[in-house]
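Following full-length UniProt numbering, the numbering of the sequence shown begins with 1 at its first residue and continues without gaps. Data block below; observations after.
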Amino acid sequence: GSTQIPKPQDQSSISIEGEDPLDARIARSGCLEQHRQLQECMAERRDWRHCQEQVRAFGACMARRQQRQRGPGPAQLPD
């Protein structure tokens with residue numbers, strides 16, 4: 001039998017080693033699925049203007065991740 005090696009975009013689990021640093025960062029962010037959907041739309045449409053739903057979903061996911069990294073908001077700071 002032949003062994004097929006899946007392409008990186010087809011893997012359900014990501015190996016961080018040996019990957020593009022941006023891909024690794026996205027994988028750690030928890031927004032990998034949104035990023036994949038955006039990449040698929042871009043590959044199909046070749047125009048980001050037709051992929052606004054995916055752009056917004058990915059951007060919102062990354063924004064939530066950045067907010068969590070920064071810690072509690074000003075409302076939770078002591079006087």
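For glycine and all other residues, C-beta sits at the position ideal for the given N, C-alpha and C. Predicted, not measured: the structure shown is a model, and the values here were computed from it.
Per DSSP, reduced to three states, the secondary structure at C41 is helical. In this structure, Q54 lies near L38, with their beta-carbon atoms less than 7 Å apart.
Residue range P21 to S29 is occupied by the alpha helix (DSSP H) that includes D23.
DSSP, read as helix, strand or coil, puts G59 in helix. The three-state reading of DSSP puts R46 in coil, since its state is none of H, G, I, E or B.
Three or more beta-carbon pairs separated by less than 8 Å link the region 21-32 to the region 62-73, which places the two stretches in contact. Counting only residues of its own chain and dropping the five nearest sequence neighbours on each side, M42 has a CB closer than 7 Å to the CB of W48 and C51.
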